[in-house]
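Report on the following structure.
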Amino acid sequence: MVYSSFIYEVADGIATIRLNDPDRLNALTFETYAELERVFAALANDSTAKAVILTGNGKGFCSGGSVHEIIGKLIEMTGEDQLRFTRLTCDVVKNMRSLQKPIIAAVNGIAAGAGAILALACDIRILSERAKFAFLFTKVGLSGADMGACYLLPRVVGYGRAAELLFTGDTIDAQECLRIGLANRVVEHEMLLERVYDLACTLRNGPLSALGVTKELLEREADMDLYDALELEAQEQARCIQSEDFKEGYRAFIEKRPAKFRQS
């Protein structure tokens, strides 16, 4: 597939989405949102992609919605069109969270506003030492509840820190992101993509179906009580026990060799 607002490629089982407007720190446009919604939907049926990397070209990861191409135009829209747009932005996150493949954010610079949410909606966030996050919505008169922020952020950093970040819109650096759990790792800027691809390769070679189940249950169990969660895990784990990947994992352990899990 060809997209105009980002570079998309699949190589060696890893899909890379590289936002591609470096002069504006990869600011989002209406077209970018529409294409992101489509690409994450398409990835669900792309058997060649086992893991996904989301990053940005140039000095920034994503500076959020373009001031002129989105914010200015939204003010002039009807309420119905504004709601259509906000639902589209939420559909991007919905497709990311429902995709049963691991998504890694390689945050190479500023992740602000909607850019911070795109990174947040990934499963794992690896940050360059130059990276920064800012949930800027209240700075421009919007609520901090945007694209699932009030659902996702407290689950990652806890209620108190989420409230502070969303209320103030303050910018935090990579080390603070690591300290509060928003970053999984912080690495040297020049090593960022190498480290991210190393992790993506590890995940690509894993038991893909089992990883998909793990992601799905991480999402679903957040809203369950313990007994319902335990029953769900019992059912899904029983299905995994019946899989060829589980048999291969056992054989590999006995034979003292790396497992060769199915790649579809």
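Whatever position you read off the sequence shown (first residue = 1), add 165 for the numbering used here.
Glycine residues also receive a C-beta, built at the ideal position from the N, C-alpha and C atoms.
For clarity, every value in this text was computed on a predicted model and none was experimentally measured.
If we cut at 9 Å on Cβ distances, does residue i have a partner in chain B?
i           : result
residue 226 : As a matter of chain content, chain B is missing from the structure shown, which is built from one protein chain.
Leaving out five residues before and five after residue i in sequence, what residues of the same chain have Cβ atoms less than 8 Å from its Cβ?
i           : result
residue 232 : 192
residue 364 : 269, 289, 291
residue 335 : 299, 329
residue 200 : 168, 169, 170, 171
residue 211 : 175, 180
residue 236 : 230, 305
residue 360 : 291, 350, 352
Spell out the partners DSSP gives residue i in its beta bridges.
i           : result
residue 268 : 217
residue 173 : 182
residue 193 : 230
residue 204 : Answer is none; residue 204 lacks a bridge partner.
residue 367 : In DSSP, residue 367 forms no bridge with anything.
residue 336 : 299
residue 351 : 292
Please look up how many angstroms separate the CB atoms of residue i and residue j, rounded, as I've assumed it's under 8 Å.
i           : j           : result
residue 287 : residue 270 : 4 Å
residue 216 : residue 382 : At roughly 18 Å, the Cβ-Cβ gap does not stay under 8 Å, so residue 216 and residue 382 are not in contact.
residue 251 : residue 279 : With 8 Å as the limit, residue 251 and residue 279 do not qualify as a contact, their Cβ atoms being about 11 Å apart.
residue 424 : residue 405 : That belief does not hold up - the Cβ atoms of residue 424 and residue 405 are roughly 14 Å apart, past 8 Å.
residue 322 : residue 337 : About 10 Å; that fails the 8 Å criterion.
residue 223 : residue 267 : No, residue 223 and residue 267 are not in contact; Cβ-Cβ is about 25 Å, not under 8 Å.
residue 229 : residue 318 : That belief does not hold up - the Cβ atoms of residue 229 and residue 318 are roughly 15 Å apart, past 8 Å.
residue 339 : residue 348 : 6 Å
Once the 5 residues before and after residue i are set aside, which same chain residues still bring their CB inside 7 Å of it?
i           : result
residue 205 : 257, 260, 261, 264
residue 320 : 387
residue 410 : 372, 374, 375, 426, 427
residue 357 : 271, 273, 291, 293
residue 394 : 386
residue 281 : 298, 299, 300
residue 446 : Look at the range of the chain in this structure, 166 to 429, and you will see that residue 446 is not part of it.
Going by C-alpha distance, which of the options is nearest residue i?
i           : options            : result
residue 284 : 401, 226, 406, 418 : 226
residue 297 : 382, 277, 197, 251 : 277
residue 316 : 385, 424, 239      : 385
residue 352 : 273, 203, 403      : 273
residue 174 : 326, 324, 218, 393 : 218
residue 305 : 326, 357, 327, 331 : 331
residue 196 : 234, 407, 246, 391 : 234
residue 371 : 244, 310, 179, 302 : 179
residue 377 : 401, 241, 413, 303 : 401
residue 189 : 275, 357, 310, 177 : 275
residue 213 : 166, 410, 343      : 166
residue 125 : 359, 341, 398      : Outside the shown range of the chain (166 to 429) lies residue 125, about which nothing can therefore be said.
residue 194 : 238, 177, 421      : 238
residue 308 : 324, 333, 325      : 333
Give every residue of the same chain whose Cβ lies closer than 6 Å to the Cβ of residue i, excluding the five residues on either side of it in the sequence, and list them in chain order.
i           : result
residue 184 : 171, 191, 221, 227
residue 354 : 293, 294, 295
residue 373 : 215
residue 414 : 424
residue 311 : 302
residue 181 : 174, 218
I'd like to confirm something about residue i: is its beta-carbon nearer than 8 Å to some heavy atom of the ligand GTP, or not?
i           : result
residue 252 : Only the bare structure without any ligand can be found here, which leaves the ligand GTP out of the picture.
Practice problem: Would you list, in sequence order, the uninterrupted beta strand (DSSP E) runs of no fewer than 3 residues that lie entirely inside the region 222 to 298? | Solution: Those beta strand (DSSP E) runs which fall completely within the region 222 to 298 and span 3+ residues are 268 to 272, 275 to 277, 289 to 293.
Quiz item: Where are the alpha helix (DSSP H) runs, 4 residues long or more, that stay fully inside the region 384 to 415, in chain order?
Solution: Within the region 384 to 415, the complete alpha helix (DSSP H) runs of at least 4 residues fall at 391 to 406.
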